[in-house]
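Visitor:
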Amino acid sequence: MSSYFTGVTIITSIDGDERPHGLTCNSLTSVTLDPPTLLVCLDTRSGTLAAVSSRGEFTVNLLDDGAQSTAELFASPKPDRFDQVAWQRTALTGLPWLVEDAFAVAECQVAETLIVGDHAVLFGRVVNVQASPGNPLLYGMGTFSAGRSRPVPAS
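If you count by numbering that gives the first Met the number 0, then the sequence shown holds residues 0 to 154, one letter each, in order.
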């Protein structure tokens, strides 16, 4: 799977003490449009999963192609990662939105959780989306690259 290019996201939530949690994730799939549902996979040992599980909600921050350093930061064990990035609370759930690094954010309520091996597969019902133009950050073959949008042909 390391040769497969995929978009890079940061999954975020807030724990019971109102501390933000987040991690870099490239396991994201759109499952259904009705109701709109996303699937993400998180390590069962992660503090982010613990926050998501206690809150019942998470955000999917779709990273812009200029956000490689943020992707690397949230993939590291460094403490206080949220002190090193610009973020604000989302409109509906109040969860962390990485406003300078994500061209879109989806707010999700956990609809179902399935444990498979060392990961939890979370199905999140999308309750709100905020988006602006941007190009996605991609990862594959051990490297980051930019996904470029194509111009839409005139009809």
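Just so you know, even glycine gets a beta-carbon here, dropped at the ideal spot from N, CA and C.
1) If you draw a straight line from the alpha carbon of T11 to that of P78, how long is it in whole angstroms?
2) Whole angstroms is fine: what's the gap from N60's alpha carbon to M0's?
3) Just tell me which of C24, T92, P19 has its CA closest to the CA of Q129.
4) Whose CA, out of L22, S26, T31, P34, lies closest to the CA of R44?
5) My output table needs one value for F4: the three-state DSSP class, helix, strand or coil.
6) Assuming P95 and T58 are in contact, meaning their beta carbons sit under 8 Å apart, how far apart are those beta carbons, in whole angstroms?
7) Which residues share a DSSP beta bridge with V115?
Guide: From the atom records:
1) 15 Å
2) 22 Å
3) T92
4) L22
5) coil
6) 6 Å
7) H118
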